[in-house]
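Going by this note's numbering, the letters in the sequence shown line up with residues 1 to 345, in that order. Even glycine gets a Cβ: it sits at the ideal position worked out from N, Cα and C. Just below is one structure, and these are the notes that go with it.
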Amino acid sequence: MSTRITQTLVCVFSVLGAIARADDPLLLRVTNMQVAPAHMPAVKVWVKNQSDAAYQGSLTIELPDGWTLDPPSQDLALPPGETGSVRFTIHDAKTRDANRYPVVAIAKEGGREIRRSQEIVCASAPYFKPEIDGKADDWKDAIPATFAAKGKKTTISTFWNRRQFSVLVAVEEEELIAKRDGKPFDAVQIAISPQDTQTSTSLDGEATRYEFLLASDGTGQGGRCYQLAEPGMKLGETQSEQDLNKLAIEDPKLAVWREGSTTYYEWGISFRNLPDMKAGEGREFFFSVLVHDPDGTGLRDWGEAAGLWPTQRNWLAWSTWPGAAWPEEPPMDNKVEWGMCSSKY
């Protein structure tokens with residue numbers, strides 16, 4: 001049995017134990033904002049009842065000054081062990097260049113109050129088709145989402161049109177290590193999956209994601225793209241290191257380059273290569289990113305930055321590959337909310 005598969009089994013039992021030992025009866029998480037056509041921004045609050053008793057209370061969110069929550073609060077009824085979500089609309093939201101907004105989810109039952117503070121972003125891809133040419137000029141109208149790990153920033157930007165989904169990941173790091181056989185190298189790992197899919201905790205389960213690995217080819221401009229997983233693939237296969245050369249996409253739309261202390265990964269993928277994904281304004285889906293920086297910060301995880309619960313760590317959410325340097329604990333699930341909108345304005 002491989003080390004990664006052994007870690008997977010250990011992780012599943014550890015997570016189950018962590019749920020039972022938690023002090024608060026509820027886990028709370030506010031999702032990043034989505035913007036549907038002709039609508040105000042909206043968020044969901046995910047709630048898990050960890051207790052052995054039914055929860056009967058109310059739920060609200062504290063927002064930045066001047067913002068209004070609609071409705072101001074909602075009833076929350078959740079049986080023991082169940083997970084659910086409550087959707088709120090936001091009025092009078094004011095955008096910030098940093099695209100980070102402090103919020104607090106608050107659940108009340110009787111005289112007890114449970115609070116969770118977070119920073120959320122607007123996680124949406126505007127409609128546009130950039131040139132994948134190794135220049136960031138086309139990306140000024142994207143909605144960047146930035147997070148930090150050990151003092152180094154990662155910024156994720158996305159666009160969509162009817163034919164293509166485009167991604168720009170800007171990684172602040174000391175140096176760029178191009179792909180090299182059998183040794184750790186810098187890379188960006190991306191997972192895309194339809195809304196309402198889940199990641200199994202069984203090696204016999206099937207993948208629900210499209211998963212890709214982006215790396216530099218060492219030329220200073222070009223890159224290599226590998227498809228690690230697709231829906232229907234057995235999750236056990238994703239935990240065994242495969243020959244990347246056999247997974248390479250021929251002539252990918254990918255540029256990888258350095259400017260100062262930042263590495264840029266610019267990538268476009270045709271929706272024909274994502275047949276389960278549907279393009280359209282207001283379409284919501286799951287999208288997450290891992291940044292591999294083995295000689296610097298280690299693994300950077302967008303799911304962790306987006307506030308996923310510790311119980312949502314899952315080795316099966318991400319494929320392993322030759323050259324990956326994984327930490328002891330699993331990365332977060334790849335099911336992080338994202339959306340498609342018409343424009344950032």
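Tell me whether the beta-carbon of Leu27 lies closer than 8 Å to the beta-carbon of Gly57.
-> Residue 27 sits at position 27 when you count from the first residue of the sequence shown. Residue 57 sits at position 57 when you count from the first residue of the sequence shown. Against a cut-off of 8 Å, the Cβ pair of Gly57 and Leu27 comes out as no contact.
So the alpha helix (DSSP H) Gly236 belongs to, where does it begin and stop?
-> Locating residue 236 in the sequence shown gives position 236, counting from the first residue. From DSSP, the alpha helix (DSSP H) with Gly236 extends over 235 to 238.
What did DSSP end up calling Gly218 once you bin it into helix, strand or coil?
-> On the sequence shown, position 218 is the one that residue 218 refers to. Correct three-state label for Gly218: coil.
Straight-line gap, Ala325 to Gly134 (C-alpha atoms, nearest Å) | For the purposes of this step, residue 325 is identified with residue 325 of the sequence shown, where counting begins at 1. For the purposes of this step, residue 134 is identified with residue 134 of the sequence shown, where counting begins at 1. Cα-Cα distance, rounded: 27 Å.
At what residues does the alpha helix (DSSP H) containing Ala305 begin and finish?
-> As a position in the sequence shown, residue 305 is number 305, starting the count at 1. Residue range 302 to 305 is occupied by the alpha helix (DSSP H) that includes Ala305.
May I ask you to verify whether the region 292 to 310 touches the region 163 to 170, counting CB pairs closer than 8 Å and requiring at least 3?
-> no
How should Lys179 be labelled, buried or exposed, when 16 other C-beta atoms within 10 angstroms of its C-beta is the threshold for buried?
-> On the sequence shown, position 179 is the one that residue 179 refers to. Classification of Lys179: buried, given that the 10 Å Cβ count is 16 or more.
Let me know the beta strand (DSSP E) ranges lying completely inside the region 153 to 213, each 3 residues or longer, listed in chain order.
-> Entirely contained in the region 153 to 213, the beta strand (DSSP E) runs reaching 3 residues are, in chain order, 164 to 172, 187 to 194.
Which stretch, first to last residue, makes up the beta strand (DSSP E) that contains Asn49?
-> Here residue 49 is taken as the residue at index 49 of the sequence shown, counted from 1. DSSP places Asn49 in the uninterrupted beta strand (DSSP E) bounded by 41 to 49.
Would you kindly check if the distance between the Cβ of Ala145 and the Cβ of Val121 is under 8 Å?
-> Reading the sequence shown from its first residue, position 121 is the one you call residue 121. Reading the sequence shown from its first residue, position 145 is the one you call residue 145. A contact, by the Cβ cut-off of 8 Å.
If we count the other Cβ atoms within 10 Å of its Cβ and call it buried at 16 or more, is Glu211 buried or exposed?
-> For the purposes of this step, residue 211 is taken as residue 211 along the sequence shown, with counting starting at 1. Under this definition Glu211 is a buried residue.
Go through its chain and collect everything with a Cβ distance to Arg21's Cβ below 8 Å, but skip five positions before and after it.
-> To locate residue 21, count along the sequence shown from 1; it is residue 21. Low per-residue confidence applies at Arg21: pLDDT is 36, beneath 50, and the placement is therefore not dependable, though the value from the model is reported in the following sentence. The answer is none, since no qualifying residue turns up.
Relative to the alpha-carbon of Lys129, which residue among Ser157, Thr68, Gln239 has its alpha-carbon at the smallest distance?
-> On the sequence shown, position 129 is the one that residue 129 refers to. The residue with the shortest Cα to Cα distance from Lys129 is Ser157.
Alpha carbon to alpha carbon, how far is Gly81 from Pro310?
-> Here the question's residue 81 lines up with position 81 in the sequence shown. Here the question's residue 310 lines up with position 310 in the sequence shown. C-alpha separation (whole angstroms): 16 Å.
Opposite Gln118 in the DSSP bridges: which residues?
-> Within the sequence shown, numbered from 1, the residue matching residue 118 stands at position 118. DSSP output for Gln118 lists Val103 as bridge partner(s).
For Gln364, which three-state DSSP category applies?
-> With the chain running from 1 to 345 in the structure shown, residue 364 is simply not present.
Ends of the beta strand (DSSP E) at Leu63?
-> Within the sequence shown, residue 63 is the residue found at index 63, counting from 1. Neither: Leu63 is in no beta strand (DSSP E) and is coded neither H nor E.
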